[in-house]
Structures are given as C-alpha cells and as structure tokens.
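Chemist: Using the UniProt record's numbering, you'd call the opening residue of the sequence shown number 1 and step up by one each time. We treat Cβ as the ideally placed atom computed from N, Cα and C, and that holds for glycine.
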Amino acid sequence: MSKNETVHYDGPAGGWGSVRGIARIFAKELNSPAVADTLRRQNKPGGFMCVSCAWTKPADHHPLEFCENGAKATLWELTTRRCTPDFFAKHTVTELRGWKDHDLEQEGRLTHPMRYDRNSDHYVPCSWEEAFSAIGQELKALDPKSVVFYTSGRASLETSYLYALFARLYGNNNLPDSSNMCHETTSVGLKKVIGASVGTAVFQDFSTCDAIFFFGQNTGSNSPRFLHPLQEAVKRGCKIVTFNPVREKGLETMINPQSPTEMLTGKETQISCQYHQVKTGGDIAAIMGMCKHVFAKEDEARQQGRKVIDRDFVEQHTNSFDAFEEKVRATSWEEIERESGLDRAALEAAGQVYVDAEKVIGIYGMGLTQQVGGFESIAMLVNMLLLKGNIGRDGTGISPVRGHSNVQGQRTVGISEKPKLVPLDKLSSMFGFDPPKEKGVNTVEACEGILDGSIRGFVSLGGNFVRAIPDHDVMETAWTKMRLTVQIATKLNRSHLINGEVAYLLPCLGRSEEDMQEGGPQTVSMEDSLSCIHGSVGKHKPASEHLLSELAIVAGMAKATLPPNPKVKWDEWTGDYGKVRDLIEETYPDKFHDFNKRLFTPGGFYRGNSARERIWKTKSGKAEFTVPEALSAAGFEDREGRYRLMTLRSNDQFNTTIYGYSDRLRGIEGTRDVLLINPKEMEKLGLQEGQVVELQTDVDDGQERKVGGLKVLPFQLPDGCVAGYYPELNPLIPLSHHEKFSQTPAAKAVPVRILP
Ligand SMILES: Nc1nc2c(c(=O)[nH]1)N[C@H]1C(S)=C(S)[C@@H](COP(=O)(O)OP(=O)(O)OC[C@H]3O[C@@H](n4cnc5c(=O)[nH]c(N)nc54)[C@H](O)[C@@H]3O)O[C@H]1N2
Ligand SMILES: Nc1nc2c(c(=O)[nH]1)N[C@H]1C(S)=C(S)[C@@H](COP(=O)(O)OP(=O)(O)OC[C@H]3O[C@@H](n4cnc5c(=O)[nH]c(N)nc54)[C@H](O)[C@@H]3O)O[C@H]1N2
Ligand SMILES: [Mo]
C-alpha cells in the first residue's frame with residue numbers, strides 16, 4: 001500500500017496545530033484575563049497542578065508549563081457554561097441517556113447538589129444537609145460489605161486519605177480506583193519483579209540516558225509535556241526506539257509550541273530513530289527477539305574477551321537468570337517473527353541500539369498494561385533492562401507513564417482494596433478502631449458484585465465508572481438495581497444518568513478554583529508519575545457559590561454516617577488541610593516527613609523508591625528474571641476472521657470526556673464512530689472505505705456483544721489488528737477479559753469479528 005492512503009496527518013506533533021486545537025473549542029474562555037492568569041500559574045511551584053496527565057512538573061519550568069491537552073483540561077474546568085437546576089427541570093434523565101458523552105459535558109459545570117426523583121424522572125435540587133443526611137441514613141442501613149467507594153485518579157492526597165479512612169471506619173476495603181483499569185498491572189507486576197510498585201526513573205535520568213525504548217504509550221496526545229525532555233534527549237544524541245502498532249505522530253516528529261524559532265521556521269525534530277509497528281499483544285515476542293540479539297552479541301564478545309551482559313550485576317542483584325537465558329536461546333526466530341509481526345532484521349537493529357547504549361530507560365503505557373499478558377509484557381521489559389544493569393543506576397530505569405494526575409498518589413495514601421498494602425496498625429492506633437482486614441473489591445470484582453446483586457451501594461469520587469468499564473451495556477442494566485448511588489463530580493456524564501433507587505449528584509470545586517475554608521484558602525497536593533509530590537493552590541473564582549470541595553463532601557458524608565469518635569475530627573480537618581497532611585505524615589513517615597514544610601519544593605519532593613537504590617523488596621530479595629508463559633500477550637488464539645481490536649484515545653478527549661471530534665495527530669476528523677483497518681485486510685473482507693460495519697465480540701460465553709454504525713477507514717496498521725475509540729467500543733469488552741494477575745481490563749486486544 002502507498003503510505004499516503006493510510007496516513008491522514010503529515011504535520012508534526014505540537015506546532016501551530018496544537019494552538020489551533022485549543023482555540024477551536026475554547027475561544028470564549030481564552031478571552032478572559034482571569035483564565036489567562038490561571039493558565040500562567042499551571043504546573044509552577046506555588047501554582048496549581050494540571051488536572052490532565054500525571055507527567056512530572058519540573059523545577060526548571062517553561063514560561064507556560066502546559067500543553068495543548070493540559071490547557072484543554074483547564075479550560076474545560078473553567079468553562080463559562082453552567083448545568084443548573086433549570087437544565088435538569090427541562091430534561092428527564094431518560095432523555096439525557098440518549099445524549100452523546102460530548103454533549104452532556106458540554107452543558108458545563110454542575111452548580112447545585114441534586115437528588116434523583118424517580119417519580120418524575122428528573123434531578124431536583126436539594127440542600128447539602130439533606131443530601132448528607134439521606135446518604136448517611138442509607139449507608140447506615142446497608143451492610144458495609146455491600147458498598148463500594150470508587151475514586152478516579154484526580155482527587156488530592158488529602159481527600160484520598162480521608163476517603164480511604166471513611167471507607168475503613170465504615171467497615172470495608174472496597175476502594176477500587178481508576179488505576180484498576182489502567183496501571184494496576186504495573187503496581188502488581190513491578191512489585192513482583194523489582195519489589196517496588198512504581199517506576200524507578202526520575203526526571204534527571206532523561207537528561208543522561210543513551211537510549212529510550214518506548215512501548216504502547218502515546219506521548220503526543222496523552223502526556224505532551226513529556227515531548228520536551230524527549231526532544232532535548234534526541235538533540236543530545238539519545239536514541240529513541242518505539243514499538244507501537246499505530247504510527248503515533250508525537251513519537252515520530254514534533255515542533256515545540258513553546259519555541260518561537262521552531263514555530264516560525266517549522267523546523268521539526270525527529271523523535272524515534274526506529275519505529276516498529278508491532279502486532280498488538282506482540283511485545284513479549286518483540287522483546288524476546290531483542291534479548292536473543294543481546295545473547296548472540298554476548299557470545300561474539302566473549303570470544304574476543306569482552307562482554308555485553310553485565311555479569312556482576314546479574315550475579316549480585318538478580319534471580320533466575322539461567323532459566324531466562326535458556327528460554328531466550330530456545331525460542332526460535334520463526335516464533336518471534338510470527339508473534340510480534342516484525343522481522344528478524346528489524347528486531348536485531350532494535351536490539352543493537354540496546355547493546356550499544358550504556359544507559360537505557362524503558363517506557364510503557366496502556367499498550368502493555370491493558371493486555372491479558374500485561375504482567376509478562378512488563379516483566380519481559382524488566383528482563384531486558386536487567387541484562388545490562390539498567391535499573392537502579394543514573395540515566396536508567398523502568399518508567400510507566402501514569403494516567404490521571406494523582407492516580408499514583410492515591411495508592412500511596414491508602415486508596416487500595418488490598419489491606420496488606422496499608423499500615424492498618426497505624427490507622428488503628430491513630431483513630432482508635434479495628435480496621436477491616438478482609439480484601440476489598442477491585443473494579444472487575446465490583447462489577448461482578450453489581451451483576452450478582454451483592455453490591456448495593458456505590459459512591460463515586462469523580463470519574464465516569466459506568467462508561468469506563470468493560471461490558472458497558474450489561475453493566476448499565478444491572479446498575480439500576482442498586483439501592484444507593486452517589487456521584488461527586490464537576491460535570492454531567494453518563495454515569496450520573498444510571499441511578500440506583502436513591503441517587504445523589506454532588507457538585508464539587510475543580511482544582512484550579514479557590515478552596516476557602518474556615519482556616520482560610522486551602523492547598524492540596526498530588527504525586528506525579530515520577531514519584532514527586534507537589535502542592536497545588538487554586539485561585540480561580542468557583543463556578544458556583546453552592547460548590548463544596550471534594551474533601552468537605554467526603555467529610556460531610558462521613559460525619560452523617562459514622563458514630564462520633566473523639567479521634568476523628570471531620571470539621572477540624574475540613575477547616576485546615578494542613579492537619580490532614582500531618583495525619584498522612586504520621587501514617588507514612590518515611591515518604592512524607594516534613595510534609596507541610598516541603599509542600600512547595602520546586603519540582604516537587606521525591607518520595608523515594610527502594611528499587612532505585614537496588615534494594616529489592618521481592619520474595620527472593622533480588623530482582624527477578626521471569627520466563628513468560630506465552631509469546632503473545634493477547635490471551636486468545638488467532639482464527640480465521642478474528643481480529644485483535646485496540647480501543648484507543650483520540651487527541652481530543654480526556655478519557656470519557658470528549659472535547660471534540662478532531663483526532664488531529666492521526667488525521668481523523670469529524671467522527672469517532674470509525675473502524676481503523678489496513679487496506680490489505682479491507683480487500684480480504686471486500687470492504688470499501690466509508691462502508692458502515694458492525695463489530696461483534698468473538699468469545700463463546702453465551703453473551704452477544706455488538707457495536708454498529710462504524711465507518712471503515714483505511715489506516716496503516718499491522719495485519720490482523722483493528723482499532724477504534726474508547727469509550728464507544730466498551731460494550732465489546734467482556735468483563736472476564738482482563739490481565740491475569742491484576743485484573744486490569746484487556747482493552748488493547750479484544751477478539752472481534754467484522755460484520756458488513
Ligand atoms: N489528552 C489526554 N491525556 C491523557 C488521557 C486522555 O484520555 N487524553 N488519559 C490519561 C490516562 S487515565 C491514561 S492511563 C494515559 C493513557 O495514555 P497511554 O498509555 O498512551 O494510553 P492509550 O492512548 O490508551 O494507548 C497507548 C498506545 O498503545 C498503543 N498500543 C495498543 N496496543 C499495543 C500493543 O499491543 N503494544 C504496543 N507496544 N502498543 C500498543 C496504541 O497504539 C497507543 O498509541 O493518558 C493520560 N493522559
Ligand atoms: N476500552 C477502554 N476502556 C478504558 C480505557 C481504555 O484505554 N480503553 N482506559 C481505562 C483507564 S486508563 C482509565 S484511567 C479509566 C478512566 O475512568 P474514570 O477515571 O472513571 O473516568 P474519567 O473519564 O476520567 O472521568 C471523567 C469525569 O470525571 C469528573 N471530574 C472531572 N474532574 C473532576 C474533579 O476535579 N473532581 C471530581 N469529583 N470529578 C471530576 C467529571 O464529571 C467527568 O465527567 O477508563 C478505563 N477504561
Ligand atoms: Mo488511566
């Protein structure tokens with residue numbers, strides 16, 4: 001096929017397109033001086049931290065330390081539109097269920113606490129006292145084991161800490177968060193192999209590494225500020241090798257929108273020196289191929305009295321090397337080529353970059369975590385890094401790029417369904433209670449509980465759970481059987497329209513807004529993807545005078561639910577968040593010592609990582625080499641007519657928030673109802689461009705899952721792989737199709753058939 005038939009966008013990432021991308025949606029907001037001031041303060045010490053991605057906020061920042069998508073996220077929060085009680089009086093909830101995700105959020109910020117009135121099928125305004133008291137009554141009547149406390153990864157460390165405390169005082173560990181659909185594979189996987197559940201690379205490592213290997217992370221759309229250190233790395237000679245089924249623009253070329261010279265001259269930087277369009281689910285095989293090359297080069301080097309593999313490191317710091325070596329040598333190139341979809345020469349060329357580089361960083365995102373074999377994919381990348389001691393040394397490391405801006409931090413301060421990850425003894429002595437020890441539910445288990453009726457109440461601190469989970473259609477039907485649903489949110493989304501018998505929609509402040517409490521204006525904090533903790537101060541005037549902060553809402557519900565306890569001071573904590581930080585410090589003294597003092601450290605303060613110090617908190621006390629069970633991470637066999645479906649994010653969305661219909665960096669405009677497929681496969685199936693098709697999940701579990709109305713769009717993808725957008729395609733993902741150890745839904749390789 002000619003390249004131009006399937007490459008729809010030829011420009012670089014960044015550049016003028018990114019500026020136009022912002023202006024197109026938010027022209028009105030951009031005219032306000034207060035908005036301009038808020039954007040200037042974004043991601044700077046003493047400013048507020050972006051609500052978009054989790055990429056780090058460096059000490060040495062740019063004059064405008066935000067990107068196209070960070071600006072969109074802020075402007076989305078600061079919109080002038082309001083979704084008021086009048087709006088809800090005009091539309092029934094049933095009618096609103098027929099609206100698109102984009103149109104719901106487009107109504108603007110929620111302004112009043114609302115109660116769902118089942119008789120009229122409308123949301124009606126209520127007072128905060130009424131809402132808290134009713135929620136408290138309901139929670140008291142429910143069995144604590146039957147209630148779930150979900151969080152989407154935005155809420156601050158302070159709010160998250162109190163939310164988890166509330167759940168445990170109430171009587172459960174049912175604390176799933178968006179991480180369960182995202183990097184849970186990392187938390188579980190890295191813990192097994194290097195004994196730390198987060199990445200080891202820090203910001204400085206990107207200025208000294210010689211090579212970066214990128215797997216399944218779309219920097220240009222999802223963490224655009226990360227393009228700057230990448231561009232700087234390339235300019236000083238660092239080699240970037242990318243593995244991704246899709247040719248993502250940001251990993252090919254970029255123009256820095258913050259550089260007047262680059263913007264005016266149109267001078268692009270080529271980001272990846274090699275770009276390998278691996279088959280989805282083919283990364284284990286691809287890395288196996290690179291490791292095979294490393295062993296071949298090791299054999300050659302040995303004959304000349306040199307070495308490629310860092311034998312001292314392997315000897316001193318790792319376990320099970322021999323089994324791994326045996327597996328690599330025994331795996332044939334034929335198998336590797338078949339499973340990765342890449343040829344031997346390409347993998348040897350990639351492997352050679354690894355052999356030649358002294359300091360290497362391995363980066364990954366959802367392309368690895370959202371696979372049935374997600375753990376094995378990550379563990380395979382760790383295997384490769386361990387061969388040359390590329391963990392726990394300056395300029396090296398493993399670096400998962402997290403999603404939500406505080407998703408990593410929430411886990412750090414106790415949002416976890418796994419009680420063994422939480423210092424329960426500490427909580428017990430600090431608050432004088434007996435914390436529940438039984439494991440709580442994760443996202444998939446919460447869904448199973450809703451389906452079988454054992455979950456009766458669901459409290460959601462942000463997010464759009466019903467839209468983000470697998471088996472969307474089935475889950476919506478089951479959802480309404482619950483007794484209580486509570487949604488704390490900034491804007492209206494689909495999850496707010498699927499209600500339990502008793503349902504409340506509680507509007508909260510956004511992070512860029514001033515949070516005034518009894519003790520004065522408050523600061524919150526978050527942890528970024530590189531484990532640095534930052535204070536964040538909102539200064540913008542709140543969208544409505546009826547809004548409460550997330551922390552105040554959590555405290556309000558808790559107070560109305562729990563019996564009085566002299567050690568639990570909801571009002572005092574709400575009046576002064578510094579006191580909550582003291583509690584966090586007391587609970588986690590190693591990571592959070594002098595928390596209040598260090599809050600505004602430029603670039604954040606680093607919370608430490610044992611694996612970075614080469615202290616391996618694994619069962620064996622060493623870093624683990626592992627042998628993958630299978631070379632394919634997809635978790636199902638290939639069959640005639642069966643395709644591997646990837647569900648992707650566009651450049652014009654933040655998860656289920658759809659800003660618009662321009663996936664600029666992939667050149668897909670005006671619609672999200674598309675099926676991307678390569679011309680060869682189109683010909684095989686006799687499909688024409690623009691033809692409307694239906695996708696059906698190819699799993700025999702007695703349940704039919706279909707999504708129709710998808711326009712065929714020829715796109716440069718590996719054979720056997722197709723792609724479309726998340727969340728529209730979520731009805732196709734079976735709840736049981738998830739990563740083996742962490743139960744992260746496997747949204748990047750779903751078995752489907754295409755029905756014309
Ligand atoms: N603007 C914006 N920013 C965001 C978000 C957003 O929606 N919009 N979401 C935030 C959140 S919560 C998260 S978790 C992150 C997500 O950020 P990413 O981790 O980048 O997630 P995705 O965009 O879902 O997909 C990642 C990439 O994986 C590739 N891929 C798919 N299958 C495979 C595979 O088998 N192997 C390999 N090697 N690659 C594969 C896809 O082509 C895609 O480029 O971004 C965060 N930032
Ligand atoms: N098929 C498929 N499914 C996926 C994925 C995929 O790649 N493919 N990705 C998964 C991933 S990585 C994730 S993280 C999940 C995302 O799942 P969630 O985190 O649950 O969903 P979001 O879309 O981020 O939530 C958006 C809503 O959050 C609310 N909100 C925004 N800001 C705030 C705030 O400051 N406070 C409060 N209280 N509410 C706020 C708004 O009402 C908005 O509508 O989806 C997962 N689902
Ligand atoms: Mo995520």
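(1) Using a Cβ-Cβ cut-off of 6 Å (strictly less than) and excluding sequence neighbours within five positions of Ala478, which residues of its own chain qualify?
(2) Would you mind sorting Asp103 into buried or exposed? The rule is 16 or more other CB atoms within 10 Å of its CB.
(3) Cβ of Ser460 within 7 Å of Cβ of Tyr123?
(4) Kindly indicate which residue of Leu385, Glu252, Ser52, Glu501 has the alpha-carbon position closest to the one of Ile194.
(5) Would you say Cys209 and Lys359 are within 7 Å of each other, going by their C-beta atoms?
(6) Does the region 387 to 406 touch the region 569 to 576, meaning 3 or more C-beta pairs lie closer than 8 Å?
(7) Say the cut is 6 Å; is the CB of Gly199 nearer than that to a heavy atom of ligand 3?
(8) May I ask you to report which of helix, strand or coil DSSP gives Phe605?
(9) How many whole angstroms separate the CB atoms of Ser525 and Glu158, which I take to be in contact at a CB cut-off of 8 Å?
(10) Any idea what DSSP makes of Cys182, helix, strand or coil?
(11) On a Cα-Cα basis, can you pick out the residue from Ala379, Lys622, Met366 that is closest to Cys291?
(12) Taking DSSP as the reference, what is the three-state secondary structure of Pro144?
(13) Contact defined as beta carbons within less than 8 Å: I believe Thr185 pairs with Glu739. What is the distance between those atoms, to the nearest angstrom?
(14) Quick one: what's got a C-beta closer than 6 Å to Val188's C-beta in the same chain, skipping five residues either side?
(15) Between which two residues does the alpha helix (DSSP H) containing Ile287 stretch?
(16) Closest to Val474 by C-alpha separation, out of Val241, Ser428, Leu735, Ala59, would be which residue?
(17) At a cut-off of 6 Å, is Met366 close to ligand 1 when judged by its beta-carbon and the heavy atoms of the ligand?
(18) From the DSSP output, in three-state form, read off Thr92 for me.
(19) When we look at the beta-carbon of Asp652 and count the other beta-carbons within 10 Å, is it buried (16 or more) or exposed?
(20) With DSSP as the reference, please indicate the residues paired to Met114 in a beta bridge.
(21) Could you say which of Asp177, Glu129, Ala155, Asp425 lies nearest to Ala560 if we only look at CA atoms?
(22) Relative to the alpha-carbon of Trp55, which residue among Ala23, Ser207, His228 has its alpha-carbon at the smallest distance?
(23) Between the region 661 to 671 and the region 700 to 707, do at least 3 Cβ pairs fall closer than 8 Å?
(24) Do Val241 and Gln274 come within 7 Å of each other at the CB atom, strictly closer than that value?
(25) Alpha carbon to alpha carbon, how far is Gly724 from residue 760? Give it in angstroms, no decimals.
(26) Where does His222 fall in DSSP's three states?
(27) What are the complete alpha helix (DSSP H) segments, minimum 4 residues, inside the region 548 to 613?
(28) So Cys447 is in the alpha helix (DSSP H); what residue range does that whole segment cover?
(29) Note down the Cα distance separating Gln352 from Arg612, rounded to an integer number of angstroms.
(30) Indicate, with yes or no, if ligand 1 has a heavy atom lying under 6 Å from the CB of Gly341.
(31) Measuring only the C-alpha atoms, how far is Pro714 from Leu230?
(32) State the start and end residues of the unbroken alpha helix (DSSP H) segment that holds Pro229.
(33) How should Pro745 be labelled, buried or exposed, when 16 other C-beta atoms within 10 angstroms of its C-beta is the threshold for buried?
(34) Could you pull the DSSP bridge partners for Ser399 from this structure?
(35) With a threshold of 6 Å, establish whether the CB of Lys491 neighbours any heavy atom of ligand 2.
(36) Is Thr647 closer than 7 Å to Glu105 when the C-beta atoms are compared?
Modeler: According to the data block:
(1) Ile450, Leu451
(2) exposed
(3) no
(4) Leu385
(5) yes
(6) no
(7) no
(8) strand
(9) 7 Å
(10) coil
(11) Ala379
(12) helix
(13) 5 Å
(14) Phe741, Ser742
(15) 283 to 303
(16) Leu735
(17) yes
(18) coil
(19) buried
(20) Pro125, Leu505
(21) Glu129
(22) His228
(23) no
(24) yes
(25) Past the boundaries of the shown model lies residue 760; the chain is included only from 1 to 756, so the question cannot be answered.
(26) The sequence given here places Asn at residue 222; His does not occur at that position. Asn222: helix per DSSP, three-state reduction.
(27) 550 to 561, 570 to 575, 577 to 587, 589 to 592, 595 to 598
(28) 443 to 452
(29) 25 Å
(30) no
(31) 30 Å
(32) 227 to 235
(33) buried
(34) Ile363
(35) yes
(36) no
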